[in-house]
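S.K.:
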Amino acid sequence: NAGVTQTPKFQVLKTGQSMTLQCAQDMNHNSMYWYRQDPGMGLRLIYYSASEGTTDKGEVPNGYNVSRLNKREFSLRLESAAPSQTSVYFCASVGNSNQPQHFGDGTRLSIL
Amino acid sequence: AQSVSQHNHHVILSEAASLELGCNYSYGGTVNLFWYVQYPGQHLQLLLKYFSGDPLVKGIKGFEAEFIKSKFSFNLRKPSVQWSDTAEYFCAVSGYNQGGKLIFGQGTELSVKP
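The structure is reproduced here in structure tokens:
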């Protein structure tokens with residue numbers, strides 16, 4: 428009963444390096460989301476995928492790209508990491524919009 | 054613009070004290086409302102939700118919240134807190150038919166002293 432699984436849990440990057448954060452859910456959910464959590468700012472939506480094959484920008488998409496690989500997987504890519512992208516990243520999924528989202532354990536990313 | 058505002062950044066209580074965390078939202082349509090809790094080092098967990106019906110909703114661990122439409126508020130309450138309630142609490146809103154996208158408040162850190 429894994430739910431939403433994120434990898435890795437921790438990562439340190441140097442400025443300019445690239446990285447892909449992985450997310451997979453086993454609940455057959457249609458929609459998946461990527462958020463970043465910063466102190467005093469709550470969680471902010473980066474990108475989301477309402478269904479397999481679709482992706483849309485959220486509130487803070489700059490510097491990120493996403494891929495909805497299949498119904499289960501939704502990855503987040505940093506092409507050229509910047510210190511401002513140091514954050515905790517959460518992936519979430521939901522079956523339909525009238526249900527609460529389920530969250531992964533998060534990826535703590537530090538960019539030096 | 055849609056937004057969610059949580060009134061308190063950090064609340065410190067003694068065990069057995071009553072808790073009320075404020076949440077106000079700005080959205081021009083039908084909303085779904087949520088409170089999530091994040092224990093130290095863990096992911097967000099759903100405390101309770103409001104979609105429709107009775108505006109007083111009960112959640113897990115003795116928490117409840119009241120939706121007051123006229124005030125655009127969804128305050129979280131608990132009659133008697135425990136040390137184990139120490140966590141960060143997030144209010145969130147999603148607009149009806151908005152693809153389930155959540156808008157979060159800034160969060161309220163609750164510290165309960167034993």
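The listed protein sequences derive, respectively, from chains A and B.
Every number in the working numbering is 427 more than the matching position in the first sequence, counting from 1.
Every number in the working numbering is 53 more than the matching position in the second sequence, counting from 1.
A virtual CB, placed ideally from N, CA and C, is assigned to each residue, including glycine.
For the beta strand (DSSP E) holding B:V165, just list the boundary residues, first then last.
M.R.: It spans T161 to K166 - the beta strand (DSSP E) in which B:V165 sits, taken as one unbroken run.
S.K.: Which of the three DSSP states is assigned to A:G483 in this structure?
M.R.: Note on residue identity: the sequence assigns Asp, not Gly, to residue 483 of chain A. Note: A:D483 maps to strand in three-state DSSP.
S.K.: With which residues is A:T434 paired in a DSSP beta bridge?
M.R.: Answer is A:Q449, bridged to A:T434.
S.K.: Name the one or two DSSP bridge partners that A:S458 has.
M.R.: A:V521, per the DSSP bridge assignment.
S.K.: DSSP has B:K111 in a bridge; who is on the other side?
M.R.: DSSP, once it has assigned bridges, lists B:E117 as partnering B:K111.
S.K.: As a quick exercise: from B:L72, B:K122 and B:Y78, pick the residue whose alpha carbon is nearest that of B:G106.
M.R.: Comparing Cα-Cα distances from B:G106 to each of B:L72, B:K122 and B:Y78, the minimum goes to B:K122.
S.K.: Return the chain-ordered list of same chain residues with a C-beta closer than 6 angstroms to the C-beta of A:V487, the five sequence neighbours on each side being excluded.
M.R.: Answer for A:V487: R471 and I473, listed in chain order.
S.K.: Name the DSSP bridge partner or partners of A:R543?
M.R.: As displayed, chain A neither begins before 428 nor continues past 539, which places residue 543 of chain A out of reach and without an answer.
S.K.: Would you check whether the ligand SAH has a heavy atom nearer than 7 angstroms to the C-beta of A:A451?
M.R.: In the structure on display, the ligand SAH does not appear, and there are no ligands present to speak of.
S.K.: Name the DSSP bridge partner or partners of B:Y78?
M.R.: DSSP, once it has assigned bridges, lists B:V57 as partnering B:Y78.
S.K.: Spatial neighbours of B:S67 within its chain, please: C-beta separation below 6 angstroms, excluding the five flanking residues on both sides.
M.R.: These residues qualify, in order along the chain: K166.
S.K.: Closer than 7 angstroms by C-beta to B:H60: which residues in its own chain qualify, once you throw out the five before and the five after it? Chain order, please.
M.R.: Here the set comprises G75.
S.K.: What residues are listed by DSSP as bridge partners for B:Q98?
M.R.: Answer is B:V90, bridged to B:Q98.
S.K.: In chain A, which residues lie less than 8 angstroms from B:K154 when you measure between Cβ atoms?
M.R.: Correct list: Y460, L472, Y475 and G485.
S.K.: Determine the burial state of B:A54: buried for a count of at least 16 other Cβ atoms within 10 Å of its Cβ, exposed for fewer.
M.R.: Answer is exposed; the Cβ neighbour count stays below 16.
S.K.: Using beta carbons (cut-off 8 angstroms, strictly below), is A:M390 in contact with chain B?
M.R.: No information on residue 390 of chain A is available, as it lies outside the stretch 428 to 539 that chain A covers here.
S.K.: Tell me whether the beta-carbon of B:E162 lies closer than 8 angstroms to the beta-carbon of B:E141.
M.R.: Yes, they are a contact pair.
S.K.: Suppose you measure from the CA of B:D138 to the CA of A:N492; what does that come to, to the nearest Å?
M.R.: B:D138 and A:N492: Cα-Cα distance of roughly 36 angstroms.
S.K.: Cutting at 8 angstroms between CB atoms, please list the residues of its own chain near B:V64, excluding the five before and the five after it.
M.R.: For B:V64, where only same-chain residues beyond five positions count, the Cβ hits under 8 angstroms are L72, L74, T161, E162, L163 and S164.
S.K.: Measuring alpha carbon to alpha carbon, tell me which of B:V146, B:S133, B:G153 and B:Y149 ends up nearest A:N523.
M.R.: The shortest Cα separation from A:N523 among B:V146, B:S133, B:G153 and B:Y149 belongs to B:G153.
S.K.: In angstroms, rounded to a whole number, what distance separates the CA positions of B:V110 and B:R130?
M.R.: Distance between the alpha carbons of B:V110 and B:R130 is about 10 angstroms.
S.K.: Go ahead and label B:Q135 buried or exposed: buried means 16 or more other beta carbons lie within 10 angstroms of its beta carbon, across all protein chains shown.
M.R.: Looking at its Cβ environment, which holds fewer than 16 other Cβ atoms inside 10 Å, B:Q135 is exposed.
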